[in-house]
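Engineer:
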Amino acid sequence: ADIKLWGGRFAHGPAEALERLSASVHFDWRLAPYDIAGSRAHARVLARAGLLDEQELAAMLEGLDRLAADVADGSFTGTVADEDVHTALERGLLERLGPELGGKLRAGRSRNDQVATLFRMYLRDHARILGGLLADLQETLIALADAHPGVAMPGRTHFQHAQPVLFAHHVLAHVQALSRDAERLRQWDARAAVSPYGSGALAGSSLGLDPEAVAAELGFEGGSSANSIDGTSARDFAAEFAFVTAMIGVDLSRIAEEVIVWNTKEFSFVTLHDAFSTGSSIMPQKKNPDIAELARGKSGRLIGNLTGLLATLKALPLAYNRDLQEDKEPVFDSCDQLEVLLPAFTGMLATLTVNGERMAALAPAGFSLATDIAEWLVKRGVPFRDAHEVAGECVKVCEAEGIELDQLTDEQFAKISPRLTPEVREVLTVEGALAARSARGGTAPVAVAAQLAEAKGDLDRQ
Ligand code: ARG
């Protein structure tokens, strides 16, 4: 069972402590289907170069099919003694085809170009899975905005009441961020679509193999690596993938934080569905937003995966170094975390109840219409500097009297400034303030309806 890929020049087998340190099979086994796909493509270019005859190729492909089936149903797995997935699968092939034929497949390839290729294939598949999960979330947020068209809420800066906005406008802001993340995944994929297969250990192969044919068979639209040293040692594709997943995590965490706050007794803007909340083991009354909290927490982990990988890559000389074996776990983990998080997160948002009345009631609170007084004055020729002062004075009077802006009397307005005629009340309603911001990107119902339509169209094209 103890098949090593070297051995020729070694008088001793590896120490057990080395084997335990060196083993990656427990985490790189997930590359097995990709390794076998790579082996099929490699067998074909070996045959085309005259290194396998037709019968050998047919037997090789048939052996690889059997191995693939045994991997798929779990009857063949790697062990610590195999070290990694590539070695384990070579053992599997030797066991099925015998050493004569089984031993021919390794010609002209190295685990260095194999692993660099398979890692890309795996991540490209998962970029597509993540893109689908992200689209589900975008769709859910768009539906949430669509279902509450006229609901106003307090828009915030510095987490203080700033200006009223439509709830739909706020939700669609998150959709914008997520659609850029989805775009990042697609752009990443186009860059990652280059196959290192054929780079060998670092210098390429002397056997007349065609890396472009392998690249085409494995679905790499960008062809094969232009430089075999780069092909085997570049991991910026993995770091960039880790960045995009970390960015998704950060964008989720910003939604999560709002859900947590909105779900408090003090805010009471939303109520989470029982199926997407958890209880407390001691406090019977509790209903906790654990999904949002896990999203917030996991974003830290995703950032850690990115920074850990960058630290591994920093100052690493060319070409392959064993340090690079540390590249896979963090990025696999980022896939795994988002693939369990996104469905739960989307479910939480799809089922929460929006307390529109509560939001709308608070929309004008905190003097959030003060800017509208200033802009009303500007439209009447007052320089904004002065208008800002006058509106600030209105707030001061209100604060002293414990009233809201629309409760100022005509006399109080006139006393603050003769320019403040009773018509100023036209803009002292939330509806008026919203409707006035009708340019592209603004919070007026017409502008938000246009944004919503655009977001739907973007998602359909995504
Ligand atoms: N398991 C290794 C990795 O993940 C690939 C094997 C390359 N090993 C070597 N000694 N050249 O990077």
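In UniProt numbering, the protein residues as written are 15 to 476.
Just so it is clear, CB atoms sit at the ideal spot from N, CA and C, and this is done for glycine as well.
Everything numeric in this text was worked out from a predicted model, so none of it was measured.
Just tell me which of G395, H175 and L199 has its CA closest to the CA of F281.
Structural biologist: Position 267 of the sequence shown, counting from 1, holds the residue named residue 281. Out of G395, H175 and L199, H175 has the C-alpha closest to the C-alpha of F281.
Engineer: Does the beta-carbon of L332, which I'm using as the reference point, lie nearer than 6 Å to any heavy atom of ligand 2?
Structural biologist: Judged by which ligands are present, ligand 2 is missing from the structure shown, whose ligands are ligand 1.
Engineer: N302 to I296, Cα distance in whole Å?
Structural biologist: Taking the first residue of the sequence shown as position 1, residue 302 is located at position 288. Taking the first residue of the sequence shown as position 1, residue 296 is located at position 282. Distance between the alpha carbons of N302 and I296: 13 Å.
Engineer: With a threshold of 8 Å on Cβ separation, who are the neighbours of A15 within its own chain once the five nearest residues in sequence on each side are excluded?
Structural biologist: To locate residue 15, count along the sequence shown from 1; it is residue 1. Only weak support exists for where A15 lies, its pLDDT of 42 falling under 50; the value from the coordinates is given anyway. So the qualifying residues of the chain are T93, A95 and R105.
Engineer: Going along the chain, which residues of its own chain have a beta-carbon closer than 7 Å to the beta-carbon of F398, five neighbours each way excluded?
Structural biologist: Here residue 398 is taken as the residue at index 384 of the sequence shown, counted from 1. So the qualifying residues of the chain are A388 and V392.
Engineer: Are there any heavy atoms of ligand 1 lying less than 6 Å away from the beta-carbon of R125, as far as the coordinates show?
Structural biologist: Numbered from its first residue, the sequence shown carries residue 125 at position 111. R125: yes, Cβ under 6 Å from ligand 1.
Engineer: Less than 7 Å between the beta carbons of L460 and S452, yes or no?
Structural biologist: Locating residue 460 in the sequence shown gives position 446, where the first residue counts as 1. Locating residue 452 in the sequence shown gives position 438, where the first residue counts as 1. First, the residue type needs correcting, since residue 460 is Val and not Leu in the sequence shown. Yes, they are a contact pair.
Engineer: Express the C-alpha separation of W20 and T101 in angstroms, rounding to a whole number.
Structural biologist: As a position in the sequence shown, residue 101 is number 87, starting the count at 1. As a position in the sequence shown, residue 20 is number 6, starting the count at 1. Straight-line Cα distance between these residues: approximately 11 Å.
Engineer: Identify every run of the alpha helix (DSSP H) within the stretch 402–446, keeping only runs that are complete inside it and at least 4 residues long; order them along the chain.
Structural biologist: Those alpha helix (DSSP H) runs which fall completely within the stretch 402–446 and span 4+ residues are 424–430.
Engineer: Look at the alpha carbon of D224 and the alpha carbon of V59, and state the distance between them as a whole number of angstroms.
Structural biologist: Taking the first residue of the sequence shown as position 1, residue 224 is located at position 210. Taking the first residue of the sequence shown as position 1, residue 59 is located at position 45. So the alpha carbons of these two residues sit roughly 6 Å apart.
Engineer: How would you call V185, buried or exposed, if buried means at least 16 neighbouring beta carbons within 10 angstroms?
Structural biologist: As a position in the sequence shown, residue 185 is number 171, starting the count at 1. The residue is buried, with at least 16 neighbouring Cβ atoms inside 10 Å.
Engineer: Going by CA-CA distance only, name the one from E114, A73, P163 and E30 that's closest to Q465.
Structural biologist: Indexing the sequence shown from 1 puts residue 465 at position 451. Checked all of E114, A73, P163 and E30; the closest Cα to Q465 is P163.
Engineer: What does DSSP give as the partner residues of V208 in its beta bridges?
Structural biologist: Position 194 of the sequence shown, counted from the start, is the residue given in the question as residue 208. According to DSSP, V208 bridges with nothing at all.
Engineer: Measure the Cβ-Cβ separation of N319 and D347 and say whether it is below 7 Å.
Structural biologist: In the sequence shown, counting from the first residue as 1, residue 319 sits at position 305. In the sequence shown, counting from the first residue as 1, residue 347 sits at position 333. Yes, the pair counts as a contact, with Cβ atoms nearer than the cut-off.
Engineer: Are there 16 or more other CB atoms within 10 angstroms of the CB of residue 480, so buried, or fewer, so exposed?
Structural biologist: Within the shown structure, residues of the chain are numbered from 15 to 476, placing residue 480 beyond reach of any answer.
Engineer: Whole angstroms are fine: how far does the CA of G212 sit from the CA of R23?
Structural biologist: What you label residue 23 is simply residue 9 of the sequence shown in a count that begins at 1. What you label residue 212 is simply residue 198 of the sequence shown in a count that begins at 1. So the two alpha carbons sit approximately 25 Å from each other.
Engineer: Counting C-beta neighbours from all protein chains within 10 Å, is the total for I417 16 or more, i.e. buried, or is it exposed?
Structural biologist: Translated into positions along the sequence shown, residue 417 becomes position 403. Looking at its Cβ environment, which holds fewer than 16 other Cβ atoms inside 10 Å, I417 is exposed.
Engineer: Please classify Q299 as buried or exposed, where buried requires at least 16 neighbouring CB atoms within 10 angstroms.
Structural biologist: As a working note, residue 299 is residue 285 in the sequence shown. Q299 is exposed by the Cβ-count criterion.
Engineer: Hey, which unbroken runs of the alpha helix (DSSP H) at 4 residues or more fall wholly within the stretch 115–167?
Structural biologist: List check, alpha helix (DSSP H) in window: 125–161.
Engineer: Hey, would you say Q61 sits closer than 7 Å to L75, going by beta carbons?
Structural biologist: Taking the first residue of the sequence shown as position 1, residue 61 is located at position 47. Taking the first residue of the sequence shown as position 1, residue 75 is located at position 61. It should be pointed out that residue 61 corresponds to Ala in this sequence rather than to Gln. Cβ atoms of A61 and L75: not closer than 7 Å.
Engineer: Strictly by DSSP, which residues pair up with S452?
Structural biologist: For the purposes of this step, residue 452 is taken as the residue at position 438 of the sequence shown. Paired residues: none, contrary to the question.
Engineer: In three-state terms, what does DSSP make of V396?
Structural biologist: Taking the first residue of the sequence shown as 1, we reach residue 396 at position 382. Here V396 sits in coil by DSSP.
Engineer: What's the call for P210, buried or exposed, on a 16-neighbour Cβ count within 10 Å?
Structural biologist: Looking up residue 210 in the sequence shown gives position 196. Buried is the call here.
Engineer: Please determine whether the Cβ atom of D49 lies at a distance below 6 Å from any heavy atom of ligand 1.
Structural biologist: Along the sequence shown, read from residue 1 onward, the residue named residue 49 stands at position 35. It does not: the Cβ of D49 is nowhere closer than 6 Å to a heavy atom of ligand 1.
Engineer: How long is the line joining the alpha carbons of K18 and D250, rounded to whole angstroms?
Structural biologist: Position 4 of the sequence shown, counted from the start, is the residue given in the question as residue 18. Position 236 of the sequence shown, counted from the start, is the residue given in the question as residue 250. Whole-angstrom Cα-Cα distance: 30 Å.
Engineer: Taking the beta carbon of L448 as the centre, do at least 16 other beta carbons fall within 10 Å, making it buried, or is it exposed?
Structural biologist: Indexing the sequence shown from 1 puts residue 448 at position 434. By the neighbour-count rule (16 or more Cβ atoms within 10 Å), L448 is buried.
Engineer: Going straight from the alpha carbon of L147 to that of T259, what length do you get?
Structural biologist: Counted from its first residue, the sequence shown places residue 147 at position 133. Counted from its first residue, the sequence shown places residue 259 at position 245. Computed Cα separation, rounded: 12 Å.
Engineer: Who pairs with N277 in a beta bridge, going by DSSP?
Structural biologist: Here residue 277 refers to the residue found at position 263 of the sequence shown. Its beta-bridge partners do not exist; DSSP assigns none.
Engineer: By how many angstroms is the C-alpha of R138 removed from the C-alpha of A206?
Structural biologist: Numbered from 1 along the sequence shown, position 192 holds the residue referred to as residue 206. Numbered from 1 along the sequence shown, position 124 holds the residue referred to as residue 138. Looking at the two C-alpha atoms, the distance is approximately 7 Å.
Engineer: Is V354 buried or exposed, if buried means 16 or more other CB atoms sit within 10 Å of its CB?
Structural biologist: As a first step, residue 354 must be located in the sequence shown, where it is residue number 340. It is exposed - the Cβ of V354 has fewer than 16 other Cβ atoms within 10 Å.
Engineer: Does ligand 1 have even one heavy atom less than 6 Å from the beta-carbon of S36?
Structural biologist: In the sequence shown, counting from the first residue as 1, residue 36 sits at position 22. No, the beta carbon of S36 sits no closer than 6 Å to any heavy atom of ligand 1.
Engineer: Out of V99, D79, L107 and K470, which one is the CA nearest neighbour of D42?
Structural biologist: Your numbering for residue 42 matches position 28 in the sequence shown. Of the candidates V99, D79, L107 and K470, the one whose C-alpha sits nearest the C-alpha of D42 is V99.
Engineer: So, do the stretch 158–173 and the stretch 122–136 have three or more beta carbon pairs nearer to each other than 8 Å?
Structural biologist: No: fewer than three Cβ pairs fall under 8 Å.
Engineer: For D474 and A463, I'd like the C-alpha separation in whole angstroms.
Structural biologist: As a position in the sequence shown, residue 474 is number 460, starting the count at 1. As a position in the sequence shown, residue 463 is number 449, starting the count at 1. D474 and A463: Cα-Cα distance of roughly 17 Å.
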